[in-house]
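Chemist: What follows is a single structure, and I will ask about it in a moment.
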Amino acid sequence: MRYLLALLWIVPALAQQPPDTPPKPADQAAQAPAKTDDKAAQAPAKTDAKAESPAPATEQWVTGSVDLGYRWMTDIRGSFPQYRSVVNLGEGPKLFGLDFTITDPKKRLFDRLDARAYGWGGDPYSTARVDARKLGIYDFTFDYRNIAYFNAVPSFANPLAPAGFNEQAFDIHRRTMNIALDLLPGKRFTPYLAFDRNAGYGHGIDTFLNDENEEFAVPTLLRDSTANYRGGVHVAYNRFHVTLEQGGTTFKDDDQTQFAGTNFGDRTTAFQGQKLVLNSLQQAYGIRGHSIYSKVLVTASPFSKLDIYGQFLYSDPKTDVRYADSATGKFVNPDTLSAFGAQQSLATGSAVAPHTTGSVGFELRPFRRLRIIESWMTDRYHDTGFGLFNQVLQTTPPTNNITTLAPIQVVNYNQEEINALFDVTSKITLRGGYRHVWGDATVRAGTLSQTGDEVSGELRRNVGLAGLTVRPSQKLSVNLDYEAASSDRVYFRTSLNDYHRARVRAKYQVASALVVQANFQVLNNQNPSPDIRYDFESRRNSLAVFWTPAGSKRVSVMAEYDRSTLRSNISFLLPPFLTPTVSAYRDNAHTATSAVDLALVRGAKLTAGGSFFISSGSRPSRYYQPLMRLSVPFGKHITSNTEWQYYGFGEQFFLFEGFRTHVFMTGLRITR
Amino acid sequence: MTVSIRPSLRTSNEYQRARFPREARLLLLVAAALYATTVAGAQDKPAAAPAPPTDTKPAEYVGSETCQGCHEDIFNAFQKSPHHLVETDKKRGWETKACESCHGPGSKHAESASAADIRNPAKLNPAEADRACLTCHLNQPTHVGRIYSSHAKNQVSCVSCHSVHKNGPNGLVARKAPEVNQLCAKCHADVWASFQRPFKHRLPEGAMTCVDCHNPHGTLLARSLQTARANEPGCGKCHGDKAGPFPFEHAPVKVEGCMACHEPHGSANPRMMTRHEIGFVCLECHSNLPAPTLPANGTLGTSPPAFHDLRTPRFRNCTLCHQKVHGSYVDRAFLK
């Protein structure tokens, strides 16, 4: 990607060479004779005047900016792993942003090219994008992202593990690249090609288990990639459109673990008089997957009062599995309680999962004020797997465990929905509707180990829908959205069962420079089954104010406040004695964000704001990110930017995971 | 771990109150009040004075050059807009009349210069404004999921997000990540607040946008979630290692989706989980007694075997051992 970045630099540099000579009026006219002639026929005087004034030689056909600078940080107080899990910014010289547009006046290779890059120089979020377009000939898009993911949160694993943390921590980079080329955009036939790639690479902590008595945290190498190729054609006429697409996917996952040393795992006591230990481990996954898929999309407007929509989507992913591990140390066979010193495992398997989705619907407008929207869809996913697992324990005599399983998972989902929208007046629209959802899912879930019989869950849900949109004036709009559901069957204990969901959004322009917006939403879900008794309610209320006096010439203010509460109670069985207990979860949070822009003297600008989050309940925490930024222009094309941001995170129950740090950035923004 | 014995079962009245929360009743009241206010307001208007005699001849098309005479800035910007194709493309039937393709015939407006004599989509009700756009744009792949879109159902019109006149391919709608997110957050302020939580997808940092996961024009999936590889949930676009298919699937992943366990916008819980400890995420579902048939409550999910002693810390984080909880290539219990 360094080459890409270099290219992004070079292209505007080359592009800054001025055009050879300003086009002469006669040349200009020659370039678009038909258009000029046509216009001349309609408005001859005006067209002549335009033809006589060539494009100004000083017109910029490259515009853009580059942001360069340096970031400093104070020492990170508190948990560095937690800082990396949440913020992960580092010090050093940075390319904060590069953004330019080239508009080729001669329209040779492109009419317009936009290139952008942000966060280069070791930042955890590096992105680059190029959009090029030639009207009616092609649209091209290239998008690249490199996002660093770090996660090591001890409290989420076993904080008492003797070797520190033992969760599945990871430190990886995930890179995604998307390339798309549309040919003849806007024409009747638009062929297109696209390529997407997503890959992860990095290191992490994995757990090696020999049995339930001991877990050994070991370092692992994580690497996977998915490539997706697709192509198709859009056929668009005034009354209908069809898209045909064919695609294919390849996938591989080659995670590897190697360990040599002495690892006593997370068991602090001896098991059956033996101190268990892992001395060496080699573990390798070799997963290969591939898929083909097809897509047919249709829209049509056979009559002015009817629009029809349809989709058919089919994919057929397959996975082939190779796995091997070999470990030495001191282990115990839980079946015989005998000690042994080594073990090997080999596994092979496969999975196929044909997945079919279809939908059809229409919008009918029988009268000017009435719209009826009807839709039906089905989604069918059938996963058939096969797994052979062979484990050899070096006991005396050796113990060979072979397991063969052919699990399946079948999920059928269906939904039918009808909505009627009625414009009571030009300012009020009422909506009422009904949705019926039904389906079944067959899984091996008789016991946790999936060795039991197949069981089938069912889904039966009836949902009433309602809505109201009121716009009494240009300044005020209110939208209400409500649905209430009753379910006969659901798949899981925490699924939506008998629920109400309501949402209100209101926006009011109090004055020309002041806009207030309020949101409110509530979700209440109940499952009164005696052994579930799920009682869930979440609410969110937010208020936002935008104040932009005198067109934000001097000051502009954006402030938002959000209050959210969540209450959840559900009965569950607490192991090991399966004691009926209630899981109670609470999350009551306040979030405030603000940005105040102040125009200072000589074009300087001060921005102050940031976000503040504080929550109480089951995991009380706070996260502050105040920010100040000063921009001072030096001349027409250079602006100095200086920024301070504070990151402070703390948890009441896990004090050892808090962190705080100050981050300073200074740099120049050069614009053209 | 926070566990408590439930003190008593709720009465049926309490249950009814929970089923019909006061917000729901309040909403109905607010809706009724709004309806009454607006209808009454409309009815309170005095009867319009008889209109002066006007030319009853319908307006005619006059061509974009006429519009340019007064709206030069808009006209110039429009020359560089993708919509300019309408002005030049013969097959669409609006050649040299692109302005009037949305604003309607403009002869009366050209004569009177009165805003009342021309159609302004920005001031129409959303459904009518959308019809102006959908005249050309309906039969395109972008809109194939329109009937599932909550934007369409809730009267969020095209011009709420798109600027029709603006110049350049990036002018019609925000393309840069911060601008896209800002555009969505203008209405979805409550969702944006979730991204200020410590564990979230990286939207505030500009590494992602709302439209990476949601298609504002609507999709087959709930919440307008994007799809990948035809009909797979869009989460698999970036998290391909969790997409499968796996020989050993974990049922909720495919049956109810990632949001059965995760809060994708942001959470105070590490890894954006829906509960503060991973043990509760798992046990709230895995609480049916082992049996070869479905339990009386009809839900899937079985209690773990008895050696899972949750009184000891090493058993509280289920994913410590069941590390392939999104699905396993090798192990039926998601251990490898």
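From first to last, the protein sequence lines stand for chains A and B. Numbering of the first sequence is given in our numbering, commencing with residue 1 and proceeding in unit increments. Numbering of the second sequence is given in our numbering, commencing with residue 1001 and proceeding in unit increments. Cβ coordinates follow ideal geometry from the N, Cα and C atoms, glycine included. Bear in mind the structure is a predicted one, so any value in this text is a computation, not a measurement.
Is there a Cβ from chain A that is less than 7 Å from the Cβ of residue 1144 (chain B)?
Modeler: Yes, residue 1144 (chain B) lies at the interface with chain A (some Cβ there is under 7 Å from its Cβ).
Chemist: Under 8 Å, with one C-beta from each stretch per pair, do the region 1326-1333 of chain B and the region 517-537 of chain A reach the 3-pair mark?
Modeler: Because the criterion of three Cβ pairs below 8 Å is not met, the region 1326-1333 of chain B and the region 517-537 of chain A do not touch.
Chemist: For residue 219 (chain A), is the classification buried or exposed, using 16 other Cβ atoms within 10 angstroms of its Cβ as the cut-off for buried?
Modeler: Looking at its Cβ environment, which holds fewer than 16 other Cβ atoms inside 10 Å, residue 219 (chain A) is exposed.
Chemist: Going by other Cβ atoms of all chains shown within 10 Å of its Cβ, with 16 needed for buried, is residue 72 (chain A) buried or exposed?
Modeler: Exposed: under 16 other Cβ atoms inside 10 Å.
Chemist: Based on DSSP bridge pairs, tell me the residues matched to residue 578 (chain A).
Modeler: Note: residue 578 (chain A) sits in no beta bridge, so no partner.
Chemist: On the CB-based measure, 16 or more other CB atoms within 10 Å of its CB, does residue 409 (chain A) come out buried or exposed?
Modeler: Classification for residue 409 (chain A): buried.
Chemist: Fully enclosed by the region 400-483 of chain A, which beta strand (DSSP E) runs are 3 residues long or longer?
Modeler: Whole beta strand (DSSP E) segments, 3+ residues: 408-425, 428-444 and 454-473.
Chemist: Residue 295 (chain A) touches chain B at which residues, Cβ-Cβ below 9 Å?
Modeler: Those within 9 Å of residue 295 (chain A) in chain B are 1230 and 1231.
Chemist: Using the beta-carbon of each residue, which ones in chain A are nearer than 9 Å to residue 1078 (chain B)?
Modeler: Within chain A, no residue comes near residue 1078 (chain B); the closest Cβ sits about 13 Å away, beyond 9 Å.
Chemist: Quick one: does residue 1238 (chain B) have its CB under 7 Å from some CB of chain A?
Modeler: Yes, because at least one Cβ of chain A sits closer than 7 Å to the Cβ of residue 1238 (chain B).
Chemist: Taking the CB atoms as reference points, tell me whether residue 272 (chain A) and residue 313 (chain A) lie closer together than 7 Å.
Modeler: No; because the gap between Cβ atoms is not below 7 Å, this pair is not in contact.
Chemist: Could you compute how far the alpha carbon of residue 1078 (chain B) sits from the alpha carbon of residue 315 (chain A)?
Modeler: Their backbone Cα atoms lie some 41 Å apart in a straight line.
Chemist: Going by DSSP, name the residue or residues bridged to residue 504 (chain A).
Modeler: According to DSSP, residue 504 (chain A) bridges with A:480 and A:520.
Chemist: Report the three-state DSSP secondary structure of residue 653 (chain A) (helix, strand or coil).
Modeler: It is coil, neither helix nor strand.
Chemist: Note down, in chain order, every chain A residue with its Cβ under 8 Å from the Cβ of residue 1256 (chain B).
Modeler: Within chain A, the residues near residue 1256 (chain B) are 491, 492 and 495.
Chemist: Can you find at least 3 beta carbon pairs, one from the region 287-302 of chain A and one from the region 236-243 of chain A, that sit closer than 8 Å?
Modeler: Yes, the region 287-302 of chain A is in contact with the region 236-243 of chain A.
Chemist: List the residues of chain A whose Cβ lies closer than 8 Å to the Cβ of residue 1190 (chain B), in chain order.
Modeler: Result: 519, 521, 540, 541, 542, 562 and 564.
Chemist: Are residue 383 (chain A) and residue 353 (chain A) close, meaning C-beta to C-beta below 7 Å?
Modeler: Against a cut-off of 7 Å, the Cβ pair of residue 353 (chain A) and residue 383 (chain A) comes out as a contact.
Chemist: Whose Cβ in chain B lies nearer than 9 Å to the Cβ of residue 216 (chain A)?
Modeler: Within chain B, no residue comes near residue 216 (chain A); the closest Cβ sits about 11 Å away, beyond 9 Å.
Chemist: Can you round the beta-carbon distance between residue 667 (chain A) and residue 68 (chain A) to whole angstroms, since I take them to be within the 8 Å contact cut?
Modeler: Contact flag correct, Cβ pair sits at about 5 Å.
Chemist: Give the list of continuous beta strand (DSSP E) stretches no shorter than 3 residues that lie fully inside the region 532-559 of chain A.
Modeler: Counting whole runs of 3 or more residues, the region 532-559 of chain A contains the beta strand (DSSP E) stretches 534-547.
Chemist: Against chain B, with Cβ distances strictly below 7 Å, would residue 660 (chain A) count as a contact?
Modeler: Chain B, which has no Cβ nearer than 7 Å to the Cβ of residue 660 (chain A), makes this no.
Chemist: Excluding the 5 residues flanking residue 197 (chain A) on each side, which residues of the same chain have their C-beta closer than 6 Å to its C-beta?
Modeler: Excluding sequence neighbours, residue 197 (chain A) sits near 177 and 227.
Chemist: Leaving out five residues before and five after residue 35 (chain A) in sequence, what residues of the same chain have Cβ atoms less than 8 Å from its Cβ?
Modeler: The predicted position of residue 35 (chain A) is uncertain, since its pLDDT is 37 and thus under 50; a value taken from the coordinates is nonetheless stated next. Hits under 8 Å: none found.
Chemist: Report the three-state DSSP secondary structure of residue 632 (chain A) (helix, strand or coil).
Modeler: Of the three classes helix, strand and coil, the one that applies to residue 632 (chain A) here is strand, per DSSP.
Chemist: Counting only C-beta atoms, is residue 1324 (chain B) closer than 7 Å to chain A at any point?
Modeler: False, the Cβ-Cβ gap to chain A never drops below 7 Å.
Chemist: Among the residues of its own chain, which have a CB less than 6 Å from the CB of residue 1260 (chain B), if the five just before and after it don't count?
Modeler: 1252.
Chemist: For a test of the three-state rule: what should DSSP assign to residue 1319 (chain B), helix, strand or coil?
Modeler: Of the three classes helix, strand and coil, the one that applies to residue 1319 (chain B) here is helix, per DSSP.
Chemist: Skipping 5 residues on each side, what residues in its chain have a beta carbon closer than 6 Å to that of residue 65 (chain A)?
Modeler: So the list reads 99, 669 and 671, once near-sequence residues are dropped.
Chemist: Specify the secondary structure class of residue 1249 (chain B) as computed by DSSP and reduced to three states.
Modeler: DSSP places residue 1249 (chain B) in coil when its eight states are reduced to three.
Chemist: So with CB distances below 7 Å, who are the chain B contacts of residue 591 (chain A)?
Modeler: What residue 591 (chain A) touches in chain B: 1193 and 1196.
Chemist: Could you work out which residues of chain A lie near residue 1287 (chain B), taking near to mean beta carbons separated by less than 7 Å?
Modeler: The contacting residues are 493, 572 and 573.
Chemist: Using 8 Å as the cut-off, can you tell me whether the region 1278-1293 of chain B makes contact with the region 1213-1225 of chain B, which would need three or more C-beta pairs spanning the two stretches below that distance?
Modeler: Short answer: they don't touch.
Chemist: Please return the same chain residues whose Cβ sits closer than 6 Å to the Cβ of residue 1242 (chain B), not counting the five positions on each side in sequence.
Modeler: If we look at residue 1242 (chain B) and ignore the five residues flanking it on each side, its Cβ neighbours are 1326.
Chemist: Can you confirm whether residue 1329 (chain B), when its beta carbon is compared against all beta carbons of chain A, has any partner nearer than 7 Å?
Modeler: So, interface residue.
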